[in-house]
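Worksheet: one structure, shown below.
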């Protein structure tokens, strides 16, 4: 495989194909930030496929506020991953939150109760998976996406923050990997975007999908900036790694390349 196609994996620390793990190190928090002009959903799809590779025993607990199961299954099938099979094998647990009831009005009890009930189901699923010898590799919790979770909670960022902090405890208690997608630009006109600042504070890896500074291009769809914090060098030291490169989303894959390297 060409090295340029592995730029995302290299930035995430997944470029060592001799290691057993095919996912980001357990116990970490990954935050994907995108905007209306440039979607970062393809990064989420990439991580789903990596987490469900045949030679691993990891599982994915997917919380969907953005799309139904059929959407993710259709996208992943094009990438060579059958989510129906993975679901039947109990490696892909899907929580469809498109119908989460959050009535108008204050709805405080209903909003908070709905997210607390969701967390209870996630916690129960994590406990069951953690006790299974077949699934000791990595448990990945994915949320798509945080901004729509806040909409479902009638704009209650406090309830969303509580939910995210509860999920964060699972990274330390069970060594889960927490991956979430958020639309950063919806907060641009708000004062004190507490929600996104809290998520950025908790994140070990921040992935930002942005349009090109030079504007639209036919052969480049945008750029990724990835900050991978606290990487161990094997000698007891840690360092941060910052990468920036361009990408082009195709029908069943994504090309990654450094600026100026495509003819």
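Numbering (my numbering), first residue to last: 1237 to 1499.
Ideal placement from N, C-alpha and C gives every residue a C-beta, glycine not left out.
Remember, predicted model here, so these are calculated numbers, not experimental data.
Quick one: what's got a C-beta closer than 8 Å to residue i's C-beta in the same chain, skipping five residues either side?
i: residue 1397; result: 1430, 1431, 1434
i: residue 1281; result: 1308, 1311, 1312, 1315
i: residue 1263; result: 1407, 1408, 1411, 1412, 1413
Let's see if you can read the secondary structure: which residues bound the alpha helix (DSSP H) around residue i?
i: residue 1387; result: 1382 to 1388
i: residue 1246; result: 1243 to 1248
i: residue 1421; result: Taken as a continuous stretch (DSSP letters only), residue 1421 belongs to no alpha helix (DSSP H), as it is neither H nor E.
i: residue 1455; result: Residue 1455 -> no alpha helix (DSSP H), and no H or E assigned at all.
i: residue 1399; result: 1393 to 1409
i: residue 1435; result: 1430 to 1438
i: residue 1323; result: 1319 to 1324
My output table needs one value for residue i: the three-state DSSP class, helix, strand or coil.
i: residue 1301; result: coil
i: residue 1285; result: helix
i: residue 1261; result: coil
i: residue 1492; result: strand
i: residue 1444; result: strand
i: residue 1272; result: coil
i: residue 1482; result: strand
i: residue 1267; result: strand
i: residue 1376; result: strand
i: residue 1498; result: coil
i: residue 1316; result: coil
i: residue 1336; result: coil
i: residue 1346; result: Its pLDDT being 47, under 50, residue 1346 is placed unreliably by the model, and nothing is read from it.
i: residue 1356; result: helix
What's the C-alpha gap between residue i and residue j?
i: residue 1486; j: residue 1278; result: 10 Å
i: residue 1479; j: residue 1272; result: 22 Å
i: residue 1497; j: residue 1465; result: 27 Å
i: residue 1365; j: residue 1286; result: 18 Å
i: residue 1242; j: residue 1349; result: 42 Å
i: residue 1394; j: residue 1300; result: 20 Å
i: residue 1483; j: residue 1442; result: 17 Å
i: residue 1331; j: residue 1357; result: 9 Å
i: residue 1360; j: residue 1326; result: 14 Å
i: residue 1405; j: residue 1392; result: 21 Å
i: residue 1461; j: residue 1288; result: 25 Å
i: residue 1345; j: residue 1377; result: Caution applies to residue 1345, whose pLDDT of 46 falls short of 50 and renders its modelled position unreliable; the model cannot decide the point.
i: residue 1490; j: residue 1455; result: 12 Å
Going by the CB atoms, is the gap between residue j and residue i shorter than 9 Å?
i: residue 1320; j: residue 1414; result: no
i: residue 1400; j: residue 1382; result: yes
i: residue 1444; j: residue 1270; result: yes
i: residue 1336; j: residue 1261; result: no
i: residue 1267; j: residue 1438; result: yes
If you drop the 5 nearest sequence neighbours on each side, which residues of the same chain put their C-beta closer than 6 Å to that of residue i?
i: residue 1302; result: 1380, 1381, 1384
i: residue 1329; result: 1297, 1361
Would you kindly report the start and end of the unbroken beta strand (DSSP E) that includes residue i?
i: residue 1329; result: 1328 to 1332
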